[in-house]
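Enquirer: Numbering (my numbering), first residue to last: 44 to 719.
Glycine included, every Cβ here is placed at the ideal spot set by N, Cα and C.
1. For residue 129, is the classification buried or exposed, using 16 other Cβ atoms within 10 angstroms of its Cβ as the cut-off for buried?
2. For residue 186, which three-state DSSP category applies?
3. In the region 465-545, which residue ranges form an unbroken beta strand (DSSP E) of at least 3 residues, counting only runs that do not cross its ends?
4. Would you check if the distance between the CB atom of residue 540 and the CB atom of residue 599 is smaller than 7 Å?
5. Going by DSSP, what residue range makes up the alpha helix (DSSP H) through residue 361?
6. Report the CB separation of residue 677 from residue 469 in whole angstroms; it is logged as a contact under 8 Å.
7. Taking the CB atoms as reference points, tell me whether residue 138 and residue 162 lie closer together than 7 Å.
8. I'd like to confirm the pairing. Which residues does DSSP put opposite residue 713 in its beta bridges?
9. Using CA coordinates, which residue listed in 564, 633, 603, 502 is at the minimum distance from residue 236?
10. Less than 7 Å between the beta carbons of residue 283 and residue 370, yes or no?
11. Mind pulling the beta strand (DSSP E) runs of 3 or more residues that sit fully within the region 194-275?
12. Using three-state DSSP, classify residue 656 as helix, strand or coil.
13. By DSSP, does residue 459 sit in helix, in strand, or in coil?
14. Less than 7 Å between the C-beta atoms of residue 260 and residue 253, yes or no?
15. So, do the region 214-230 and the region 199-206 have three or more beta carbon pairs nearer to each other than 8 Å?
16. Whole angstroms are fine: how far does the CA of residue 492 sit from the CA of residue 567?
17. Which value, in whole angstroms, describes the spacing of the CA atoms of residue 698 and residue 318?
18. Indicate the three-state DSSP secondary structure (helix, strand or coil) for residue 57 in the structure shown.
19. Taking 7 Å as the threshold (C-beta atoms), are residue 305 and residue 557 in contact?
20. Do residue 512 and residue 340 have their beta-carbon atoms positioned less than 7 Å apart in this structure?
21. Report the residue ranges of all beta strand (DSSP E) runs contained in full by the region 283-352; include only those spanning at least 3 residues, in chain order.
22. Candidates 338, 665, 438: which alpha carbon is nearest residue 687's?
23. What is the rounded straight-line gap between the Cα of residue 397 and the Cα of residue 386?
24. Count Cβ pairs between the region 350-360 and the region 286-300 that sit closer than 8 Å; are there 3 or more?
25. Helix or strand or just coil, what does DSSP make of residue 625?
26. Could you work out which residue in 343, 537, 500 is closest to residue 240 when comparing CA atoms only?
27. Given a cut-off of 7 Å, decide if residue 99 and residue 720 are closer than it, judged by their beta-carbon atoms.
28. Could you please give the first and the last residue of the uninterrupted alpha helix (DSSP H) stretch that includes residue 369?
29. Do residue 249 and residue 227 come within 7 Å of each other at the CB atom, strictly closer than that value?
30. Keeping to the same chain, check which residues put their C-beta closer than 6 Å to that of residue 213; ignore five residues upstream and five downstream.
31. Would you kindly check if the distance between the Cβ of residue 671 and the Cβ of residue 683 is under 7 Å?
32. Report the residue from 551, 647, 328, 581 whose alpha carbon sits nearest the alpha carbon of residue 570.
33. Round the Cβ separation of residue 378 and residue 298 to the nearest angstrom and send it over; I've been treating them as touching at under 8 Å.
34. Would the region 432-443 count as touching the region 524-531 if we require 3 or more Cβ pairs under 8 Å?
35. What would DSSP say about residue 381, mapped onto helix, strand or coil?
36. Would residue 187 be called buried (16 or more neighbouring beta carbons within 10 Å of its own) or exposed?
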């Protein structure tokens, strides 16, 4: 070629070895001059000394042009034949092998005769070299040439983007994903997307992690939504989203292991206002009192806020920071008590990692972060076990009692059933729906919503995300449940009615195995000794009834407001007997304030005509149909009976409401009306 070009005084032909072509490809299309050719010669010589022929051929095949914008043998194999190179026939692989010689001239679908001629010439060379026999050669020549391109499979496109962002661009990366499971998960997500898109819900993400190894075995970063501007390219797994109720199991577990509560401790579930913050349960109802485990399983908001207030916001925030939740990076005061209801943002990746550590702790595995590409075991990050075994076991037990979606309602009746601890979450405004499932073998996390944050009616964790969660679990191996960590539990006697440590007067008790610091918890505060007449019909005292006939009885007594709601849903609750008519003493604390709380500051807006609106004050009384007289400052404003509500209008400033019932019990209620 050098001789021909010199003789013709122009470039009429070229010549180079595979090594020189590899060097030319690596130099990004330098000009074709003698000087550049000389440089390629010496660089190729250095490469020959450094690398083997196999290595050089691999580099060439990975970077050679195969027509159009297709670069590399693997890309060409997928584009022209829809499968990997190791699955190609002799006719197919030789068709690709001749393309780099003249990729702009010979292109599948065009110049078919030239392509076929070059392919067959190569097949003849392989036959003469003894690489293939005559029959194979002849059959390969009869194979059809490629005449179109196929889309390259995109099984985990969002993981690919993440790998590139993590600095592995241009590298061949072997992931930990299980191909069949990944394809199945994608199909499950797409099927549910077809359903949810009818409600303008376009994005779904799902993550599956192997608990023992920490390997990510399925990574579906988003649904494949065909609609424009749907945000389908956003990797939701690494996106910050409102946490909803997904942090509640952490609080429950912390309080158990720190001796703050027992599994069934009654938590108040009543209308609540704390410094202007008024949490509401999802169904807008109240139970009065609810066992802590049930409050977690039902994801009740009011008990969760009260638990956080009792545990300490700063303490909980500190422990969350130890969990490596990367997006909770502001002070505890920034989040306030709403932290437990979705006031903070988290990622599906971080949340699944923390539930992974919980499961690994209870399994007695080494605590490892999850990972998505194969790596040496020496690189595994071992973490401190922040959770205690006993508390985790009780937490997962509570989460396994949650009623499953309709199609899973009778799961216990099937031999193939799988016990799963699971938690849902729904953010304010129905913008995010979460579902996290835990077994000893797998962590499955699901997020449903819109990438742009648009809320939709019906977008809740239980309705939108949970069905996807259980569908994914059906494609995973079943496993036995977590072993009970007897060594991290102790036998204690609790009051069956209150869930607290049993006192000497608790009349209904049982033994349970609770976390080791259970002895620190309080003794039942709701059982009191009351005095009844000999027929146990009325309350009496020694001033109005013979002492020798007085019967002392333990009685389960809740505060007035809690009792008002609790007795509606709990048939076992017995209200206090009334005092005998000739006994003048009356019971104290019959009146309970519902709204607003004592010493509240209230803004009362004005109507368009300038008149001041009214605020409804509410209270409860233990005795049904009792009458309560209301006084604002020094003026009588009316009475209520049965349902105790009163519309109040007051000027700016501090005020006092005085409440008096028919027995003379008096309650003073202070509040202040403020300007906007």
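Expert: By the coordinates alone:
1. Counting from 1 along the chain shown, the entry for residue 129 is found at position 86. Classification of residue 129: exposed, given that the 10 Å Cβ count is below 16.
2. Residue 186 sits at position 143 when you count from the first residue of the chain shown. It is coil, neither helix nor strand.
3. 475-481, 485-492, 532-538
4. Here the question's residue 540 lines up with position 497 in the chain shown. Here the question's residue 599 lines up with position 556 in the chain shown. Yes, they are a contact pair.
5. Here the question's residue 361 lines up with position 318 in the chain shown. Looking at the DSSP string, the run of the alpha helix (DSSP H) that includes residue 361 is 356-365.
6. Within the chain shown, the letter at position 634 stands for residue 677. Within the chain shown, the letter at position 426 stands for residue 469. So it is not a contact: roughly 48 Å between Cβ atoms.
7. Stepping through the chain shown from its first residue, residue 138 is reached at position 95. Stepping through the chain shown from its first residue, residue 162 is reached at position 119. In contact: residue 138 and residue 162 (Cβ atoms closer than 7 Å).
8. The residue labelled residue 713 in the question sits at position 670 within the chain shown. Per DSSP, 699.
9. Position 193 of the chain shown, counting from 1, holds the residue named residue 236. Residue 236 has its Cα closest to that of 502, out of 564, 633, 603, 502.
10. Locating residue 283 in the chain shown gives position 240, counting from the first residue. Locating residue 370 in the chain shown gives position 327, counting from the first residue. A contact, by the Cβ cut-off of 7 Å.
11. 246-253, 259-263
12. Taking the chain shown and counting its residues from 1, one reaches residue 656 at position 613. Coil at residue 656, not helix or strand.
13. What you label residue 459 is simply residue 416 of the chain shown in a count that begins at 1. Residue placement at residue 459 is poorly supported in this model, since its pLDDT is 44, which falls under 50; the coordinates still yield a value, given next. Reduced to three states, the DSSP call for residue 459 is coil.
14. Here residue 260 is taken as the residue at index 217 of the chain shown, counted from 1. Here residue 253 is taken as the residue at index 210 of the chain shown, counted from 1. Their beta carbons are under 7 Å apart, which means residue 260 touches residue 253 by this criterion.
15. yes
16. Stepping through the chain shown from its first residue, residue 567 is reached at position 524. Stepping through the chain shown from its first residue, residue 492 is reached at position 449. Approximately 43 Å, taken between the alpha carbons.
17. Reading the chain shown from its first residue, position 655 is the one you call residue 698. Reading the chain shown from its first residue, position 275 is the one you call residue 318. About 18 Å.
18. Taking the first residue of the chain shown as position 1, residue 57 is located at position 14. If DSSP states are grouped into helix, strand and coil, residue 57 belongs with coil.
19. The count along the chain shown starts at 1 and reaches residue 557 at position 514. The count along the chain shown starts at 1 and reaches residue 305 at position 262. Contact: yes.
20. For this step, residue 340 is matched to residue 297 along the chain shown. For this step, residue 512 is matched to residue 469 along the chain shown. Not a contact, by the Cβ cut-off of 7 Å.
21. 309-312, 331-334
22. For the purposes of this step, residue 687 is taken as the residue at position 644 of the chain shown. When each option's Cα is compared against that of residue 687, the closest is 665.
23. Along the chain shown, read from residue 1 onward, the residue named residue 397 stands at position 354. Along the chain shown, read from residue 1 onward, the residue named residue 386 stands at position 343. Straight-line Cα distance between these residues: approximately 18 Å.
24. yes
25. Start at 1 with the first residue of the chain shown, and residue 625 comes out as number 582. Coil.
26. For the purposes of this step, residue 240 is identified with residue 197 of the chain shown, where counting begins at 1. Among 343, 537, 500, the Cα nearest to that of residue 240 belongs to 500.
27. Look at the range of the chain in this structure, 44 to 719, and you will see that residue 720 is not part of it.
28. For this step, residue 369 is matched to residue 326 along the chain shown. Taken as a continuous stretch (DSSP letters only), residue 369 belongs to no alpha helix (DSSP H), as it is neither H nor E.
29. Residue 227 sits at position 184 when you count from the first residue of the chain shown. Residue 249 sits at position 206 when you count from the first residue of the chain shown. No. Outside cutoff.
30. Within the chain shown, residue 213 is the residue found at index 170, counting from 1. Correct list: empty, nothing qualifies.
31. On the chain shown, residue 683 is found 640 positions in, with the first residue counted as 1. On the chain shown, residue 671 is found 628 positions in, with the first residue counted as 1. Cβ distance < 7 Å, so residue 683 and residue 671 count as in contact.
32. For the purposes of this step, residue 570 is taken as residue 527 along the chain shown, with counting starting at 1. Among 551, 647, 328, 581, the Cα nearest to that of residue 570 belongs to 551.
33. Position 335 of the chain shown holds residue 378. Position 255 of the chain shown holds residue 298. No, residue 378 and residue 298 are not in contact; Cβ-Cβ is about 18 Å, not under 8 Å.
34. yes
35. Here the question's residue 381 lines up with position 338 in the chain shown. Three-state DSSP puts residue 381 in a helix.
36. What you label residue 187 is simply residue 144 of the chain shown in a count that begins at 1. It counts as exposed.
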